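Chains as they are written, first to last, in the numbering used here: chain A, -7 to 245; chain B, 258 to 588. Glycine included, every Cβ here is placed at the ideal spot set by N, Cα and C. Fair warning: this is a prediction, and the values are worked out from it, not measured in the lab. What follows is a single structure, written as structure tokens, with notes after it.
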Amino acid sequence: MARVLVGVKRVIDYAVKVRVKPDKTGVVTDGVKHSMNPFDEIAVEEAVKMKEKKLASEVIAVSVGPTQSQEIIRTALAMGADRGIHVEVSGKDYDLLQPIHVSKILSKLALDEKADLVILGKQAIDDDSNQTAQMTAAMLDWPQGTFCNKVEKGDAGLTIVREIDGGLETIKTKLPAVLSADLRLNTPRYATLPNIMKAKKKPLKKIAPKDLGVDTAARIEIVSVVDPPVRQAGAVVPDVDALVAKLKEGGHV
Amino acid sequence: MFCNTVRRNVSRANILHRCKSTLVIAEHNNEALNPITLNTMAAAKKIGGDVTVLVAGTKCGPASETVAKVEGVAKVLVAENAAFKGFTPESLTPLVLAAQNQFKFTHILAGATAFGKNLLPRLAAKLDVSPISEIIDVKSEDTFVRTIYAGNAILTLRSKDPVKVITVRGTNFAPVAASGGSAKTENAPSGDFANSLSEFVSQELTKSDRPELTSAKVIVSGGRGLKSGDNFKLLYDLADKFGAAVGASRAAVDAGYVPNDLQIGQTGKIVAPELYIAVGISGAIQHLAGMKDSKTIVAINKDPEAPIFQVADVGLVADLFKAVPELTQKL
């Protein structure tokens, strides 16, 4: 029976059109709708499914971030996680927090909590790094199953189908292991109202990176954050003939 | 040589400044070099300094011969070993670390593909440095440009780490010439790279005669509007007229119309062809992230309010089931 650690990140909701701050230091986050990173919902769903199949004994949801990250942990608890750990990092420290810091925190927690499996999303939709699972695996010296499309537990370990550039790939890993969820691993459930109420009573521990002995000193300096170049507005053509003419004009046919 | 001479007179920081050396990790499939390696070398060239290319696999002959002829490559390191079956990061990471210990590269690069994204963060963690994902430009040896928030903001960052571990977005760097070079080839550091943690089992690759999506000049892409996998035939027929690759939105992949490796977008492939024809695709933020650097974008959609028309150079508001066959026939 495995204990599963799931990482969840609070990010600007995927449907929001972000706005860059005029001072070029970042994007506007105040007053903007936030939610759980979509890939992390898939990670939580996979962990909860493992518990339902009696493959996992306990699911622990972890989030690193400001106070509001606790709302995201509560969402994971409402989906079926058993308890939460909030590693508080806020302000300037959080602006410069990188996957290397988060993976150090997660790997320390994986050992402290005696986890057999760490499941994360393949990337956060804000920084689009796609690094944390790989780095957590490296720090633990555990195998990594990234971009998971399917995970099955066997006697000796895991059989994982991964999404790769040309199609799919199957690998086997030993346990303990670190996984990262791709979009097609599963369809996350909605938390029901009774489960949301129950989640409020589940334990949620708050700690700081220094409690884990993790140094969060900045590894990067933000030079600027700016808007991408705007495309020139195009023309709407009335029919296929006009479209063919435009393609000819552009030298495409 | 030059570095050794000046080492006595100048501080160590200056030495590092002057002696940039980049390791590019080649991507190949034991049969041929993946072209993104040439785009990655273009980023290495922009950083400056010597470029060494590492070719690791169970059969390195074809890729290392190709790499040795590439313009601007100083040295090719070859590591042929049964341990690298399936290119598992658990076996490749110790190899790259051994090469790093011997040669002390200042930059380690790979293409931002499934291979590069899987391997480089593991390597960076072992080096205790913060990796930099999917750069779109090089400002200087420590300052790089990348996109965040699905391409809706552009971040320029300065790395404070001693070694820069970087994946490169291929579409933003024109490939270096595949000829004109004559690099020397030598064996990579040897060691026991057998990996007991993970094992490659098999691959199911999508078979296609069409050009590879990320390097295609023309892409015809379909979304939910196609309504079924069978209807994608309309797009294949149109694509044949251009010798184009066929792509898809997440909606089309999720609905099972086409396999996942055709997905274009924030979490799929990033493409920037000469011509991108979006058919029955609304143009969600996540899809635009993967194609909005295309030179010319054509949209065919029956909804005049679809966001895709805000980025399209040429838009046609029409029923795709009528317009696409007509277009195919008239080309």
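Fill in: Where the beta strand (DSSP E) through A:Ser49 begins and ends
Taking the first residue of the first sequence as position 1, residue 49 of chain A is located at position 57. From DSSP, the beta strand (DSSP E) with A:Ser49 extends over Ala48 to Gly57.
Practice prompt. Identify, in the order they occur along the chain, each residue of the same chain with its Cβ nearer than 6 Å to the Cβ of A:Val228, setting aside the five sequence neighbours on each side.
Written response: Taking the first sequence and counting its residues from 1, one reaches residue 228 of chain A at position 236. So no residue of the chain qualifies.
Practice prompt. Pull up the distance between the alpha-carbon of A:Val12 and that of A:Asp87, whole angstroms please.
Written response: Taking the first sequence and counting its residues from 1, the one referred to as residue 12 of chain A is at position 20. Taking the first sequence and counting its residues from 1, the one referred to as residue 87 of chain A is at position 95. Going by the C-alpha atoms only, they are around 14 Å apart.
Worksheet item: If you draw a straight line from the C-alpha of A:Arg223 to the C-alpha of B:Val568, how long is it?
Response: As a position in the first sequence, residue 223 of chain A is number 231, starting the count at 1. As a position in the second sequence, residue 568 of chain B is number 311, starting the count at 1. Each residue's alpha carbon lies about 6 Å from the other.
Discussion item. Suppose you measure from the CA of B:Asn358 to the CA of A:Ile156; what does that come to, to the nearest Å?
Written reply: Against the second sequence, residue 358 of chain B aligns to sequence position 101. Against the first sequence, residue 156 of chain A aligns to sequence position 164. Cα-Cα distance, rounded: 30 Å.
Discussion item. Please state whether the Cβ-Cβ distance between A:Val36 and A:Val0 is less than 8 Å.
Written reply: Looking up residue 36 of chain A in the first sequence gives position 44. Looking up residue 0 of chain A in the first sequence gives position 8. Yes, these two residues count as a Cβ contact at 8 Å.
Worksheet item: A:Thr138 lies in the beta strand (DSSP E); which residues open and close that run?
Response: Along the first sequence, one-based indexing puts residue 138 of chain A at 146. Element bounds for A:Thr138: Gln136 to Lys145.
Worksheet entry | Near-chain B residues of the region 172 to 185 of chain A (beta-carbon distance less than 8 Å), N- to C-terminal order | Asp174, Leu175 and Arg176
Worksheet item: Would you report the Cα separation of A:Asn178 and A:Asn141, rounded to the nearest angstrom?
Response: For the purposes of this step, residue 178 of chain A is taken as the residue at position 186 of the first sequence. For the purposes of this step, residue 141 of chain A is taken as the residue at position 149 of the first sequence. Those two C-alpha atoms are separated by around 8 Å.
Worksheet item: Which residues in chain B sit within 8 Å of A:Gln90, going by Cβ to Cβ distance?
Response: Numbered from 1 along the first sequence, position 98 holds the residue referred to as residue 90 of chain A. Chain B residues near A:Gln90: Ser387.
Worksheet item: Do B:Val425 and B:Ile392 have their C-beta atoms closer together than 8 Å?
Response: To locate residue 425 of chain B, count along the second sequence from 1; it is residue 168. To locate residue 392 of chain B, count along the second sequence from 1; it is residue 135. Contact: yes.
Worksheet entry | Buried/exposed call for A:Glu144, threshold 16 Cβ in 10 Å | Walking along the first sequence from the start, residue 144 of chain A turns up at place 152. By the neighbour-count rule (16 or more Cβ atoms within 10 Å), A:Glu144 is not buried but exposed.
Item to complete: Would you mind stating whether A:Arg176 and A:Ile163 have Cβ atoms separated by less than 8 Å?
Response: Translated into the one-based positions of the first sequence, residue 176 of chain A becomes position 184. Translated into the one-based positions of the first sequence, residue 163 of chain A becomes position 171. It is not a contact, given that the beta carbons lie outside the stated cut-off.
Item to complete: Compare the Cα-Cα distances from B:Val581 to each of B:Ala331, B:Leu491 and B:Lys441 and report the closest residue.
Response: Translated into positions along the second sequence, residue 581 of chain B becomes position 324. Cα-wise, what sits closest to B:Val581 is B:Leu491.
Practice prompt. Would you grab the beta carbon distance between B:Val555 and B:Leu519 for me? Rounded to a whole angstrom, and I think it's under 8 Å.
Written response: Here residue 555 of chain B is taken as the residue at index 298 of the second sequence, counted from 1. Here residue 519 of chain B is taken as the residue at index 262 of the second sequence, counted from 1. With a Cβ gap of about 18 Å, B:Val555 and B:Leu519 do not count as contacting.
Worksheet item: Within 10 angstroms of its Cβ, does B:Ser416 collect 16 or more other Cβ (buried), or is it exposed?
Response: One-based indexing of the second sequence puts residue 416 of chain B at position 159. Per the 10 Å Cβ criterion, buried.
Worksheet item: Excluding five sequence neighbours on each side, which residues of the same chain lie with their C-beta closer than 7 Å to the C-beta of B:Ala299?
Response: The sequence position of residue 299 of chain B within the second sequence is 42, counting from 1. So the list reads Phe430, Ala431, Pro432 and Val433, once near-sequence residues are dropped.
Item to complete: Count the other C-beta atoms from every protein chain shown that fall within 10 angstroms of the C-beta of B:Glu562, then say buried if there are 16 or more, exposed otherwise.
Response: Against the second sequence, residue 562 of chain B aligns to sequence position 305. Result: exposed.
Discussion item. Checking the sheet assignment: what are the DSSP bridge partners for A:Arg75?
Written reply: As a working mapping, residue 75 of chain A is identified with position 83 in the first sequence. Answer by DSSP bridge pairing, in chain order: A:Ile52.
Discussion item. Excluding the 5 residues flanking B:Ser436 on each side, which residues of the same chain have their C-beta closer than 8 Å to its C-beta?
Written reply: The residue you call residue 436 of chain B lines up with position 179 of the second sequence. So the list reads Lys326, Val327 and Glu328, once near-sequence residues are dropped.
Worksheet item: Thinking C-alpha only, which one of B:Ser478, B:Glu322, B:Asn488 and B:Lys526 is nearest B:Phe499?
Response: Here residue 499 of chain B is taken as the residue at index 242 of the second sequence, counted from 1. Closest by alpha carbon: B:Ser478.
Item to complete: Whole angstroms is fine: what's the gap from A:Pro135's alpha carbon to B:Glu461's?
Response: Residue numbering aside, residue 135 of chain A sits at position 143 when the first sequence is read from its first letter. Residue numbering aside, residue 461 of chain B sits at position 204 when the second sequence is read from its first letter. For A:Pro135 and B:Glu461, the distance between alpha carbons rounds to 22 Å.
Worksheet item: Taking Cβ-Cβ distances shorter than 8 Å, what residues in chain A pair up with B:Leu352?
Response: The residue you call residue 352 of chain B lines up with position 95 of the second sequence. Per Cβ cutoff of 8 Å: no residues; B:Leu352 is ~14 Å from chain A at best.
Worksheet item: Closest to A:Ser276 by CA distance: which of A:Ser49, A:Ala234, A:Met127 and A:Ala225 is it?
Response: This structure does not reach residue 276 of chain A, given that chain A is present from -7 up to 245, and the question cannot be answered.
Worksheet item: Going along the chain, which residues of its own chain have a beta-carbon closer than 8 Å to the beta-carbon of B:Thr350, five neighbours each way excluded?
Response: Position 93 of the second sequence, counted from the start, is the residue given in the question as residue 350 of chain B. These residues qualify, in order along the chain: Leu376, Arg379, Leu380 and Lys383.
Worksheet item: What does DSSP give as the partner residues of B:Tyr533 in its beta bridges?
Response: Indexing the second sequence from 1 puts residue 533 of chain B at position 276. B:Tyr533 is bridged to B:Ile476 and B:Ile554.
Worksheet item: So, helix, strand or coil for A:Gly209, using DSSP?
Response: On the first sequence, residue 209 of chain A is found 217 positions in, with the first residue counted as 1. With the sequence shown as reference, residue 209 of chain A is identified as Ala, and Gly is not the correct amino acid for it. The answer is coil: DSSP assigns A:Ala209 none of H, G, I, E or B.
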